[in-house]
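What follows is a set of notes on a single structure, which appears directly below.
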Amino acid sequence: MHELAITKEVIRIIREEAEKNSISSVKYVSLELGGLTTYKKESLLYFFNILKKDEEALQEAVLKIIEVGGKVRCKECGAVGTVEDPILPLCKACDSSDIEITQGKDLRLRDLRGN
Amino acid sequence: MCKECGCEDKAAKGPQQNGSDEKNVQIDRKVTEANDATANKIAHELIHKEILCINLLGSPGSGKTTLIEGIAQNIPAKIIGVIQGDLESDVDKKRLEQMNIEAYQINTHSGCHLNAEMIKEALGSMNLDNKRFLIVENVGNLVCPAGVKIGQHINIVVSSTTEGSDKPKKYPYIFMDADLILISKYDLKDAVGFDEQSYLSDISRINPQARIIKCSNRKSSCFQEVAHFLEHEREHVLGHHHH
Ligand SMILES: Nc1nc2c(ncn2[C@@H]2O[C@H](COP(=O)(O)OP(=O)(O)OP(=O)(O)O)[C@@H](O)[C@H]2O)c(=O)[nH]1
Ligand SMILES: [Mg+2]
Ligand SMILES: [Zn+2]
Ligand SMILES: [Zn+2]
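Below, the structure written as structure tokens:
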């Protein structure tokens with residue numbers, strides 16, 4: 000449910016980019032999904048495949064979702080690490096719990112192919 | 000050619016390039032950019048009006064409106080503006096108006112959270128002269144409003160003991176961006192067996208920076224504490240902050 004609104008935005012941006020680049024039939028789009036967002040890959044694909052039917056330029060579009068993991072940085076000692084979920088780990092280098100997220104909180108549109 | 004072994008690896012290039020006229024455009028656009036731009040503009044305009052905007056989040060019935068009422072006992076009601084986000088009805092708006100707090104009601108109908116466009120529209124019909132705080136009570140929900148910018152300067156999550164101590168673990172995203180977590184209905188913690196230690200330890204792993212205030216509507220000192228927090232945050236956000 001939750002992904003419907005954001006998928007509409009995905010489609011709006013694709014439409015804008017396709018027009019800007021004179022692409023009348025989009026074949027492929029890639030979306031970078033941060034591992035620390037609330038969006039689920041399956042739901043994004045589900046809504047995309049429903050919504051694209053109403054878009055002339057997207058009839059043949061395939062959406063590829065590239066999941067990027069979360070990255071964190073220790074505020075105490077600066078050590079960086081990866082993180083799977085928002086339950087932050089303790090810093091492996093200094094054991095501090097004062098950690099900030101530096102990657103994984105975004106959903107970004109990356110590549111567009113078509114003619 | 001594939002960098003690894005020099006073979007002709009089509010799969011490594013992604014989807015098949017069928018026509019020679021196919022265009023390949025590199026984009027890097029944040030999908031929430033339109034909402035974020037509107038939200039940033041709202042946040043900026045409110046600073047110019049010297050108003051602190053608060054995104055008030057939490058489960059249905061956690062005590063969000065109760066908190067606004069408590070704040071208005073410690074900060075003059077006339078300098079507080081409220082935007083109420085609910086699926087339907089204006090009961091919370093009427094409740095606040097009884098305390099002389101000006102409130103604007105947004106009914107999202109099926110919408111499970113507020114967005115910046117809705118706030119922009121609401122602000123168009125509100126008079127914010129002499130206001131210092133704009134409190135936006137978001138739709139009661141621990142999932143959907145998380146991470147959606149509405150023009151706020153700070154986030155407050157109201158999390159009641161009656162919901163259980165596992166909420167940070169189950170809904171970490173909403174707690175992740177909180178500046179203040181209000182543990183509400185603290186008077187009921189023993190009755191419902193609220194495991195405070197485990198709750199606080201989860202919070203410290205999700206959002207170690209968050210300020211935590213324990214609160215009960217039977218004891219007004221916590222509302223005073225929240226009011227001080229808000230005044231302090233306002234000074235901070237407006238840039239007049241001196242330590
Ligand atoms: N015992 C106790 N009850 C409380 C406390 N805070 C709020 N309540 C009660 O909890 C109920 C819900 O409080 P509200 O302030 O309406 O909650 P809300 O989060 O605004 O609810 P929605 O807007 O419907 O999502 C009311 O009956 C309040 O009186 C508290 O600290 N202790
Ligand atoms: Mg309410
Ligand atoms: Zn939702
Ligand atoms: Zn460290």
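Each protein sequence line maps, in turn, to chains A and B. All the letters of the first sequence, read from the start, carry residue numbers 0 to 114 under numbering that gives the first Met the number 0. All the letters of the second sequence, read from the start, carry residue numbers 0 to 242 under numbering that gives the first Met the number 0. Positions of the beta carbon are idealized from the N, C-alpha and C atoms, including for glycine.
{"Check": "In whole angstroms, what separates the C-alpha of Ile134/B from that of Ile67/B?", "Outcome": "8 Å"}
{"Check": "Where do the ends of the alpha helix (DSSP H) carrying Ala78/A lie?", "Outcome": "That residue, Ala78/A, is in no alpha helix (DSSP H); it is neither H nor E in DSSP."}
{"Check": "Based on the DSSP output, what are the partners of Gly57/B in its beta bridges?", "Outcome": "Asn140/B, Val157/B"}
{"Check": "Assign Pro144/B to buried or exposed, taking buried as 16 or more other Cβ atoms, counted over all protein chains shown, within 10 Å of its Cβ.", "Outcome": "buried"}
{"Check": "Heavy atom of ligand 3 less than 7 Å from the Cβ of His1/A, yes or no?", "Outcome": "yes"}
{"Check": "Would Ser219/B pass as a contact of Gly62/B if the rule is Cβ separation under 8 Å?", "Outcome": "no"}
{"Check": "Decide if the stretch 226-235 of chain B is in contact with the stretch 73-83 of chain B; the criterion is three or more beta carbon pairs, one per stretch, under 8 Å apart.", "Outcome": "yes"}
{"Check": "For Asn20/A, would you say it is in contact with chain B, using Cβ-to-Cβ distances shorter than 8 Å as the test?", "Outcome": "yes"}
{"Check": "Does the stretch 115-126 of chain B come within contact of the stretch 174-182 of chain B, defined as at least 3 CB pairs closer than 8 Å?", "Outcome": "no"}
{"Check": "Have a look at Gly113/A, Gly103/A, Arg109/A and flag the residue whose alpha-carbon is nearest the alpha-carbon of Met175/B.", "Outcome": "Gly103/A"}
{"Check": "From what residue to what residue does the beta strand (DSSP E) around Arg107/A run?", "Outcome": "106-113"}
{"Check": "Below 7 Å CB to CB, which residues in the same chain sit around Lys148/B once its five sequence neighbours on both sides are set aside?", "Outcome": "Asn34, Asp35, Ala38, Ala115"}
{"Check": "Should Arg95/A be listed as close to ligand 4, given that the test is whether its C-beta is under 7 Å from any heavy atom?", "Outcome": "Reading off the sequence, residue 95/A comes out as Ser, not Arg. Checking the Cβ of Ser95/A against ligand 4 gives yes."}
{"Check": "Taking Cβ-Cβ distances shorter than 8 Å, what residues in chain B pair up with Ile86/A?", "Outcome": "Lys168, Pro171, Asp201, Arg204, Ile205"}
{"Check": "Could you tell me how far apart the beta carbons of Leu35/A and Ile100/A are, in whole angstroms, since I believe they sit closer than 8 Å?", "Outcome": "6 Å"}
{"Check": "Taking only beta-carbon positions, decide if Arg107/A is within less than 8 Å of chain B.", "Outcome": "yes"}
{"Check": "Starting from the Cα of Ile79/B, find the closest Cα among Thr65/B, Asp128/B, Lys119/B and give me that residue.", "Outcome": "Asp128/B"}
{"Check": "How long is the line joining the alpha carbons of Glu3/B and Tyr27/A, rounded to whole angstroms?", "Outcome": "Because Glu3/B sits at a pLDDT of 41, beneath the cut-off of 50, its placement in the model cannot be relied upon, and the point is left open."}
{"Check": "Can you tell me the Cα-Cα spacing of Pro59/B and Asp85/B, whole angstroms?", "Outcome": "10 Å"}
{"Check": "Short of 7 Å Cβ to Cβ, which residues in the stretch 128-147 of chain B face chain A?", "Outcome": "Val142, Cys143, Ala145, Gly146"}
{"Check": "Which term fits Gly113/A, buried or exposed, when burial requires 16 or more other beta carbons within 10 angstroms of its beta carbon?", "Outcome": "buried"}
{"Check": "Which chain A residues are close to Met125/B, counting only those with a beta carbon under 9 Å from its beta carbon?", "Outcome": "Here the premise fails: no neighbours, minimum Cβ distance about 24 Å."}
{"Check": "With which residues is Asn106/B paired in a DSSP beta bridge?", "Outcome": "Asp85/B"}
{"Check": "Which of the three DSSP states is assigned to Ser203/B in this structure?", "Outcome": "helix"}
{"Check": "Could you tell me whether any non-hydrogen atom of ligand 3 is closer than 7 Å to the CB of Val24/B?", "Outcome": "no"}
{"Check": "Taking its Cβ as the centre, do 16 or more other Cβ atoms sit within 10 Å of Ala102/B, making it buried, or is it exposed?", "Outcome": "buried"}
{"Check": "Using 10 angstroms around the beta-carbon of Asn106/B, count the other beta-carbons present and answer buried if the total reaches 16, otherwise exposed.", "Outcome": "exposed"}
{"Check": "Going straight from the alpha carbon of Glu66/A to that of Lys130/B, what length do you get?", "Outcome": "43 Å"}
{"Check": "Using a Cβ cut-off of 8 Å (strictly closer), state whether Glu101/B contacts chain E.", "Outcome": "Judged by its chain identifiers, the structure shown contains no chain E, and its protein chains are A and B."}
{"Check": "On the three-state DSSP scale, how would you describe Leu45/B?", "Outcome": "helix"}
{"Check": "Between the stretch 22-33 of chain B and chain A, which residues of the former have CB atoms less than 9 Å from a CB of the latter, in chain order?", "Outcome": "Lys22, Asn23, Val24, Gln25, Ile26, Asp27, Arg28, Lys29, Val30, Thr31, Glu32, Ala33"}
{"Check": "What are the boundary residues of the beta strand (DSSP E) that Val67/A is part of?", "Outcome": "61-67"}
{"Check": "In chain A, what lies closer than 7 Å to Asp91/B by C-beta?", "Outcome": "Those within 7 Å of Asp91/B in chain A number zero; the least Cβ separation is about 23 Å."}
{"Check": "Report, in whole angstroms, the separation of the C-beta atoms of Ser29/A and Asp110/A, which I expect to be a contact under 8 Å.", "Outcome": "4 Å"}
{"Check": "Just checking: is the beta-carbon of Met175/B within a distance shorter than 8 Å of some beta-carbon in chain A?", "Outcome": "yes"}
{"Check": "At the 8 Å Cβ level, is Asp35/B part of the contact set with chain A, yes or no?", "Outcome": "no"}
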